[in-house]
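Residue numbers (the working numbering): 3 to 443.
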Amino acid sequence: MRTAVVIGAGIAGLAAARVLTDRFDQVVVLDRDTLPAEAVPRRGVPQGAHGHVLLLAGQRALDGLFPGLLSFLVREGATDFDPGQDLSIYRYGIIWPRAATGMRLLSFSRPLLELTLRERLLEGSQVEIRSEVAVSGLVAGESGQVTGVRLDDGSVLPAELVVDCSGRGSRSDRWLAAFGYRGPAVSEVKIGVGYATQLYRRSPGDLHEGEAVFVMPTAPGGKRAGLVLPIEGDRWLISLGGWHGAYPKDEAGFAEHASSLPHPAPARLLGSCEPLSDLTCYSFPSSRRRHFEDVTRVPGGYVALGDAICSFNPIYGQGMTCAALEAVALGELLDEYRSPSPALSAAFYRRAAEIIATPWQFASGGDFAYPETLGDRPRGIGLLNKYSRQIQLAAQVDLDVRKAFTGVQQMVLPPSVLKRPSMIWNVLRAARKAPGRRALS
Ligand SMILES: Cc1cc2nc3c(=O)[nH]c(=O)nc-3n(C[C@H](O)[C@H](O)[C@H](O)COP(=O)(O)OP(=O)(O)OC[C@H]3O[C@@H](n4cnc5c(N)ncnc54)[C@H](O)[C@@H]3O)c2cc1C
Numbered sequence: 003m004r005t006a007v008v009i010g011a012g013i014a015g016l017a018a019a020r021v022l023t024d025r026f027d028q029v030v031v032l033d034r035d036t037l038p039a040e041a042v043p044r045r046g047v048p049q050g051a052h053g054h055v056l057l058l059a060g061q062r063a064l065d066g067l068f069p070g071l072l073s074f075l076v077r078e079g080a081t082d083f084d085p086g087q088d089l090s091i092y093r094y095g096i097i098w099p100r101a102a103t104g105m106r107l108l109s110f111s112r113p114l115l116e117l118t119l120r121e122r123l124l125e126g127s128q129v130e131i132r133s134e135v136a137v138s139g140l141v142a143g144e145s146g147q148v149t150g151v152r153l154d155d156g157s158v159l160p161a162e163l164v165v166d167c168s169g170r171g172s173r174s175d176r177w178l179a180a181f182g183y184r185g186p187a188v189s190e191v192k193i194g195v196g197y198a199t200q201l202y203r204r205s206p207g208d209l210h211e212g213e214a215v216f217v218m219p220t221a222p223g224g225k226r227a228g229l230v231l232p233i234e235g236d237r238w239l240i241s242l243g244g245w246h247g248a249y250p251k252d253e254a255g256f257a258e259h260a261s262s263l264p265h266p267a268p269a270r271l272l273g274s275c276e277p278l279s280d281l282t283c284y285s286f287p288s289s290r291r292r293h294f295e296d297v298t299r300v301p302g303g304y305v306a307l308g309d310a311i312c313s314f315n316p317i318y319g320q321g322m323t324c325a326a327l328e329a330v331a332l333g334e335l336l337d338e339y340r341s342p343s344p345a346l347s348a349a350f351y352r353r354a355a356e357i358i359a360t361p362w363q364f365a366s367g368g369d370f371a372y373p374e375t376l377g378d379r380p381r382g383i384g385l386l387n388k389y390s391r392q393i394q395l396a397a398q399v400d401l402d403v404r405k406a407f408t409g410v411q412q413m414v415l416p417p418s419v420l421k422r423p424s425m426i427w428n429v430l431r432a433a434r435k436a437p438g439r440r441a442l443s
């Protein structure tokens, strides 16, 4: 019997497990947390209480793995919206004019997504999810091939493939060092980001600007961001956050942060809607990327996936999408390589690095617009940031630029579309007419 073990039942673990069910006789997902029977936040993923936006590429990937997922989420109360028409964006000095992009996103809570994926996964008869089971290490044969996991109670669960989806805190460096493997180099970008989130009752007519709101500050002076999402259960999820300590830490700070934003909606909703939860806070000191793709000797029978490889600044909303795309890539490579060899692991890390490259550059580019940001600065970021600012100004007035920018941001278009000569010409021409330029000068 071919068995695969997945460590962690977060979004990465559930997507990976779905891919493995088509390729192994048995798939066992282990999570040290208690997994709730309802769509509520849980201790093992404290970020779950905060706003989670699934980018279009992630939606498509997850809907491909779990057919019917999106329509199910809509039936459960998720809101369907166009990120140009129904999302009211404040960025670079103005609330952007509405412009239909033809793209459809869904807004829901992270716990609803997780619960739905868990339930869908369990429809497969060969899958088992064991909660309250912690993995404490790996087991390997003499050749160094990983052959299973060791559990906290000392028992061993044999597996032909172990997929480590234990998140940002993955202990794989220590686990693999026990068999003589060197851990990957780490890129870290210190951003001092934090979030505070509260849920409110949602009634028709609460918001006039659109279905959802996103406020992005203009670096380096502005550091405060805001996100308003309509989620299932007729609720507003309001997450207020920022860079380098500029985020609320208590209820008074939450209200003050909302009223300081250059968009009226968050403060208006706070003042008029009934709170349905306590305020929850979260701090995220740094983005962290582990370069498994550069490791010369990786073990067969083991791959890390999701936040265990790369944990992005959450404000850009890329983590779940990258995890889903990596899971899809793992499935394709399993079909190509057949057995979980070191070559398969190395090929997987190369593919994962390709998936991560653009979102990492996009996120760290934005982060290094703040002089307080410390860490591994990607080369050429100054020039890229200057062009990125022109693109976003141009997107305020030019529909083609807006669609291309949104497509790249949603990871469904390659960044090269923004570098074509005709697009550069459009961007530079349109940026000169952008109202945001006047507001910034
Ligand atoms: C505040 C915040 C907001 C975010 N917003 C967004 C967003 O808008 N869009 C987006 O795409 N992403 C967002 N993210 C990122 C997103 O949460 C992750 O990228 C995504 O969930 C993938 O994570 P994962 O499954 O790899 O890890 P996690 O979600 O951290 O799951 C890891 C799982 O492993 C389990 N585990 C850990 N160690 C062990 C062990 N030893 N044994 C057994 N089980 C173990 C944990 O209990 C947990 O269930 C946000 C993150 C934060 C912090």
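The beta carbon of each residue, even a glycine, is placed where N, CA and C say it ideally should be.
Return the residue from the list F181, A161, G319, G143 that minimises the CA-CA distance to I9. As a working mapping, residue 9 is identified with position 7 in the sequence shown. Among F181, A161, G319, G143, the Cα nearest to that of I9 is on A161.
Per-residue burial, R446 [other beta carbons within 10 Å of its own, 16 or more giving buried]: In the structure as shown, the chain starts at 3 and stops at 443, and residue 446 therefore has no counterpart that could be examined.
Is S288 closer than 8 Å to K225 when the C-beta atoms are compared? Your numbering for residue 225 matches position 223 in the sequence shown. Your numbering for residue 288 matches position 286 in the sequence shown. Their beta carbons are not under 8 Å apart, which means K225 does not touch S288 by this criterion.
Buried/exposed call for E334, threshold 16 Cβ in 10 Å: The count along the sequence shown starts at 1 and reaches residue 334 at position 332. Exposed, by the Cβ-count rule.
Whole angstroms are fine: how far does the CA of G321 sit from the CA of S418? Residue numbering aside, residue 418 sits at position 416 when the sequence shown is read from its first letter. Residue numbering aside, residue 321 sits at position 319 when the sequence shown is read from its first letter. Whole-angstrom Cα-Cα distance: 22 Å.
Who are the Cβ neighbours of Q147 in its own chain at under 7 Å, not counting the five residues just before and after it? By one-based count along the sequence shown, residue 147 stands at place 145. Closer than 7 Å at the Cβ level, and outside the excluded window around Q147, lie P301, G302, G303.
Below 7 Å, is the gap between the Cβ of S168 and the nearest heavy atom of ligand 3? Among the ligands modelled here, namely ligand 1, ligand 3 does not occur.
Taking the alpha-carbon positions, what's the E121 to S313 distance? By 1-based counting over the sequence shown, the position of residue 121 is 119. By 1-based counting over the sequence shown, the position of residue 313 is 311. Spanning the two alpha carbons is a distance of roughly 26 Å.
Near I317, what residues of its chain come up, given a Cβ to Cβ distance below 7 Å and the 5 sequence neighbours on each side ignored? For this step, residue 317 is matched to residue 315 along the sequence shown. Counting only Cβ-Cβ distances below 7 Å, and skipping sequence neighbours, we find V195, A227, G243.
Please name the residue, chosen from I311, S279, A179, L401, that lies closest to G169 on a Cα-to-Cα basis. Counted from its first residue, the sequence shown places residue 169 at position 167. Measuring from the Cα of G169, the nearest candidate turns out to be I311.
Closer than 7 Å: is that where the CB of E242 sits relative to any heavy atom of ligand 1? Position 240 of the sequence shown, counting from 1, holds the residue named residue 242. For the record, residue 242 in the displayed sequence is Leu; it is not Glu. The answer is no for L242.
Do I233 and S111 have their CB atoms nearer than 8 Å? On the sequence shown, position 231 is the one that residue 233 refers to. On the sequence shown, position 109 is the one that residue 111 refers to. Yes, the pair counts as a contact, with Cβ atoms nearer than the cut-off.
Quick check on this structure: which residue in D378, Y249, G143, L278 has the alpha carbon closest to the alpha carbon of W238? As a position in the sequence shown, residue 238 is number 236, starting the count at 1. Closest option to W238, Cα to Cα, is L278.
Over the uninterrupted beta strand (DSSP E) stretch that includes S157, give me the two end residues. Within the sequence shown, numbered from 1, the residue matching residue 157 stands at position 155. Segment: none, S157 is in no beta strand (DSSP E) and carries neither H nor E.
Classify A102: buried if its beta carbon has 16 or more other beta carbons within 10 angstroms, exposed otherwise. Taking the sequence shown and counting its residues from 1, the one referred to as residue 102 is at position 100. Exposed, by the Cβ-count rule.
If you draw a straight line from the C-alpha of Q253 to the C-alpha of Y202, how long is it? One-based indexing of the sequence shown puts residue 253 at position 251. One-based indexing of the sequence shown puts residue 202 at position 200. As written in the sequence, residue 253 is Glu, which differs from the Gln given in the question. Taking the straight line joining both Cα atoms gives about 14 Å.
Give every residue of the same chain whose Cβ lies closer than 8 Å to the Cβ of L395, excluding the five residues on either side of it in the sequence, and list them in chain order. On the sequence shown, residue 395 is found 393 positions in, with the first residue counted as 1. Taken in chain order, the residues that qualify are Y94, A432, A433, A436, G438, R439.
How many angstroms separate the CA atom of D33 from the CA atom of V137? Stepping through the sequence shown from its first residue, residue 33 is reached at position 31. Stepping through the sequence shown from its first residue, residue 137 is reached at position 135. Spanning the two alpha carbons is a distance of roughly 8 Å.
Beta-carbon separation of Y339 and A345 under 8 Å? Here residue 339 corresponds to residue number 337 of the sequence shown, with the count starting at 1. Here residue 345 corresponds to residue number 343 of the sequence shown, with the count starting at 1. Cβ distance < 8 Å, so Y339 and A345 count as in contact.
Beta-carbon separation of L57 and Q412 under 8 Å? If you number the sequence shown from 1, residue 57 lands on position 55. If you number the sequence shown from 1, residue 412 lands on position 410. Cβ distance < 8 Å, so L57 and Q412 count as in contact.
In the stretch 95–183, which residue ranges form an unbroken alpha helix (DSSP H) of at least 4 residues, counting only runs that do not cross its ends? 112–123, 174–179
Would you say the beta carbon of H259 comes nearer than 7 Å to a heavy atom of ligand 1? By one-based count along the sequence shown, residue 259 stands at place 257. Answer for H259: no, Cβ out of range of ligand 1.
Go through its chain and collect everything with a Cβ distance to D154's Cβ below 7 Å, but skip five positions before and after it. For this step, residue 154 is matched to residue 152 along the sequence shown. Here the set comprises A136, S138.
Close Cβ partners of A354 (< 6 Å) along its chain, the five nearest in sequence each way excluded: Here residue 354 corresponds to residue number 352 of the sequence shown, with the count starting at 1. I311, E328, listed in sequence order.
Who are the near neighbours of M105 in its chain, counting only those whose CB is closer than 7 Å to its CB and skipping five residues on each side? Numbered from 1 along the sequence shown, position 103 holds the residue referred to as residue 105. Cβ within range, chain order: L58, D84, P85, T408, Q412.
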